[in-house]
Amino acid sequence: QKEVEQDPGPLSVPEGAIVSLNCTYSNSAFQYFMWYRQYSRKGPELLMYTYSSGNKEDGRFTAQVDKSSKYISLFIRDSQPSDSATYLCAMRAAAGNKLTFGGGTRVLVKP
Amino acid sequence: DAGVTQSPTHLIKTRGQQVTLRCSPKSGHDTVSWYQQALGQGPQFIFQYYEEEERQRGNFPDRFSGHQFPNYSSELNVNALLLGDSALYLCASSRGDSHNQPQHFGDGTRLSIL
Numbered sequence: 004q005k006e007v008e009q010d011p012g013p014l015s016v017p018e019g020a021i022v023s024l025n026c027t028y029s030n031s032a033f034q035y036f037m038w039y040r041q042y043s044r045k046g047p048e049l050l051m052y053t054y055s056s057g058n059k060e061d062g063r064f065t066a067q068v069d070k071s072s073k074y075i076s077l078f079i080r081d082s083q084p085s086d087s088a089t090y091l092c093a094m095r096a097a098a099g100n101k102l103t104f105g106g107g108t109r110v111l112v113k114p
Numbered sequence: 706d707a708g709v710t711q712s713p714t715h716l717i718k719t720r721g722q723q724v725t726l727r728c729s730p731k732s733g734h735d736t737v738s739w740y741q742q743a744l745g746q747g748p749q750f751i752f753q754y755y756e757e758e759e760r761q762r763g764n765f766p767d768r769f770s771g772h773q774f775p776n777y778s779s780e781l782n783v784n785a786l787l788l789g790d791s792a793l794y795l796c797a798s799s800r801g802d803s804h805n806q807p808q809h810f811g812d813g814t815r816l817s818i819l
């Protein structure tokens with residue numbers, strides 16, 4: 004079993020809809036949680052970075068962390084065709100710099 | 706403000722050969738990590754360099770080695786290439802050897818092994 008599980012999709016939504024993404028993890032040592040966006044043939048781009056349980060909002064993006072359930076989510080409001088990409092969750096323990104990634108969810112926003 | 710830059714963009718090698726990939730970190734960053742991303746999968750951590758030393762290593766064989774220079778740039782070397790080494794190799798940089806700083810990625814080097 005992988006340490007971080009993420010549905011590979013693809014997730015297809017109409018423009019303007021809310022995109023809901025999530026990851027589950029098994030390692031209780033993970034303390035820092037990130038969401039990255041990756042376009043084809045590009046590197047991952049950091050979207051959200053959180054530490055504690057709860058919500059964090061940045062523009063159209065909201066990240067949620069529930070450490071008790073080992074579950075994190077990313078919501079994208081008012082989705083645009085330019086949001087079509089692969090979304091990767093990543094997490095890290097308190098010690099060390101190693102990021103552990105989910106496999107990524109491919110999202111397609113249709114005009 | 707220059708981000709993380711990697712070279713070359715693409716590389717084609719044959720089995721058994723050796724390859725060197727290069728990374729320049731984002732301005733102000735002094736820590737470099739390398740990741741391997743196979744097609745359709747998430748990146749896998751190879752190792753991290755800080756103060757010119759390997760500080761942490763993932764589950765990769767000794768064929769994978771690295772180096773960090775005084776200007777914080779880094780190289781990834783892979784010896785005795787295998788077909789399974791075909792992947793996107795990503796470099797990420799961050800500030801300080803501190804776990805509360807996010808990592809920023811370059812666009813990677815796509816390595817194909819024939």
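So the protein sequences, as listed, match chains A and B.
Going by the working numbering, the letters in the first sequence line up with residues 4 to 114, in that order.
Going by the working numbering, the letters in the second sequence line up with residues 706 to 819, in that order.
Think of the CB as a built atom: it goes at the ideal place given N, C-alpha and C, for glycine as much as any other residue.
Using the C-alpha atoms, what's the distance from Y90 of chain A back to R40 of chain A?
5 Å
Counting only runs of 3+ residues fully inside the stretch 744-796 of chain B, write out the beta strand (DSSP E) ranges in chain order.
749-755, 758-762, 769-773 and 779-783
Which residues bound the beta strand (DSSP E) around H734 of chain B?
Looking at the DSSP string, H734 of chain B is not in any beta strand (DSSP E), and its letter there is neither H nor E.
Give me the Cα-Cα distance between S76 of chain A and S729 of chain B, rounded to the nearest whole angstrom.
32 Å
Does the contact criterion of 3 or more C-beta pairs under 8 Å hold for the stretch 706-722 of chain B versus the stretch 64-84 of chain A?
no
Closest Cβ-Cβ distance between G789 of chain B and chain A: below 8 Å?
no
Measure how close the beta-carbons of A93 of chain A and M51 of chain A come, nearest whole angstrom, since I'm counting them as under 8 Å.
Rounded, the Cβ-Cβ distance is 10 Å, inconsistent with contact.
So, with DSSP's three-state summary, where would you put S712 of chain B?
strand
Nearest chain B C-beta to Y28 of chain A closer than 8 Å, yes or no?
no
Hey, does D812 of chain B have any beta-carbon neighbour from chain C nearer than 8 Å?
This model lacks chain C altogether; the protein chains it does include are A and B.
Compile a chain-ordered list of the residues in the stretch 91-107 of chain A whose CB is closer than 9 Å to at least one CB of chain B.
L91, C92, A93, R95, A96, A97, A98, G99, N100, K101, L102, T103, F104, G105, G106 and G107
Report the start-end ranges of each beta strand (DSSP E) in the stretch 15-48 of chain A that is 3 residues or longer and not cut off at the edges.
22-28 and 33-41
Is it true that the CB of R95 of chain A sits closer than 8 Å to the CB of I79 of chain A?
no
At a Cβ threshold of 8 Å, is K73 of chain A touching chain B?
no
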